[in-house]
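Undergrad:
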Amino acid sequence: MNIPWHGGELKLRNPVLTASGTFGYGLEYMPYGSLGDLGGFVTKGLSLKPMRGNPMPRIAETPCGMLNAIGLQNCGVDYFVEHYLPQLPTGPDGAHIIANVYAHNTQDFSTLAGILAAAPGISALEVNISCPNVESGGLLFGQSPAAAAKVTEAVKKACPNLPVIVKLSPNVTDITEIARACASAGADMLSCINTLTGMAVDVKSRKPLLANIVGGLSGAAVKPVALRCVWQVAGAVNIPVIAIGGAHTAEDVLEFLMVGAWAVQIGTANFTRPDTAFRLPGKLADLMEKYGIASCAEFRGSLRLN
3 MNIPWHGGEL KLRNPVLTAS GTFGYGLEYM PYGSLGDLGG FVTKGLSLKP MRGNPMPRIA
63 ETPCGMLNAI GLQNCGVDYF VEHYLPQLPT GPDGAHIIAN VYAHNTQDFS TLAGILAAAP
123 GISALEVNIS CPNVESGGLL FGQSPAAAAK VTEAVKKACP NLPVIVKLSP NVTDITEIAR
183 ACASAGADML SCINTLTGMA VDVKSRKPLL ANIVGGLSGA AVKPVALRCV WQVAGAVNIP
243 VIAIGGAHTA EDVLEFLMVG AWAVQIGTAN FTRPDTAFRL PGKLADLMEK YGIASCAEFR
303 GSLRLN
């Protein structure tokens, strides 16, 4: 399947991707399947400098989901490009590598984009705007249309030859307002949703389960919110939308396609069963045959409202 962007088409084998922060740098999941069988995979978030992340404990199970406060721990973009990227299978039979990036100011986003644009084997960038903007006193980039647009424009300028995907936060009053701002600023695609802010506590100890107190909720519990956001965003912009949020079955993938998504990222399900994403393309093909769906393009956006 081909996803259009301003510079051409992002050619994927199928609509199954993996979500940032749930698939490491790709190498960790190679024992469970061939990366080339996926539509693509998204790296864990990369910053300019290595990050240690938040103190432990930083993961907690919840009913139908998971809370995490990892704190975007990563090796730094230079180490990734030098050590991890050369080990990943690229080329015609290799993996489509989508590099997720985050920063706390616009200049760092631009610098990250320039480094990755020059790195061989990167198919696209995904921009995480769910992080504090030090230029605006800590307000998240993704909660301000102006800040989100500024970052989008800067990243796109730094890597005009790569598709730029902006990852939207659900922790806003109107996600379509942010979506329109990013699209107007030059985003080639949008992905949604990032995690929902939540917390969990222990009655016996009377303490929070996360050292950070609050974290990001993901997993099956957030799927209804993700479906709503994808449907709203797909109806608000004229660029492709990639779905994220609670998908773990072929049926889930079809649901997201039906509300307008072009592709679907698999996240928390990778923790419960590491081969989930690798198994889904085949299961999706079988389910489409069962329902008489000729192609993803035909089925996309086919939700009946009456």
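With my numbering applied, the sequence shown covers 3 to 308. Ideal placement from N, C-alpha and C gives every residue a C-beta, glycine not left out. Fair warning: this is a prediction, and the values are worked out from it, not measured in the lab.
1) What is the DSSP secondary structure of C161, reduced to helix, strand or coil?
2) Identify every residue that forms a DSSP beta bridge with C194.
3) Across which residues does DSSP place W7 in a beta bridge pair?
4) For Q267, count the other beta carbons within 10 Å of its own beta carbon; 16 or more makes it buried, fewer makes it exposed. Which is it?
5) Give me the DSSP bridge partner(s) of L69.
6) Go through its chain and collect everything with a Cβ distance to R60's Cβ below 8 angstroms, but skip five positions before and after it.
7) Quick one: is Y293 buried, meaning 16 or more other Cβ sit within 10 Å of its Cβ, or exposed?
8) Counting beta carbon pairs with one atom in the segment 105 to 113 and one in the segment 128 to 137, are three or more of them shorter than 8 angstroms?
9) Report all residues from its chain with a CB closer than 6 angstroms to the CB of G23; omit the five preceding and five following residues, and keep chain order.
10) Can you give, in chain order, each stretch of the alpha helix (DSSP H) that sits fully within the segment 85 to 121 and has at least 4 residues?
11) Would you report the Cα separation of E179 and N135, rounded to the nearest angstrom?
12) Are there 16 or more other CB atoms within 10 angstroms of the CB of M191, so buried, or fewer, so exposed?
13) Quick test of the definition: if touching needs 3 or more C-beta pairs under 8 angstroms, does the segment 5 to 22 touch the segment 239 to 255?
14) If distances are taken between C-alpha atoms only, which option among Q145, G41, T197, V153 comes closest to S220?
TA: Concretely, from the data shown:
1) coil
2) A245
3) G10
4) buried
5) A62, L219
6) N70, A71, I72, G73, L212, A213, N214, G217
7) exposed
8) yes
9) K46
10) 108 to 119
11) 18 angstroms
12) buried
13) yes
14) T197
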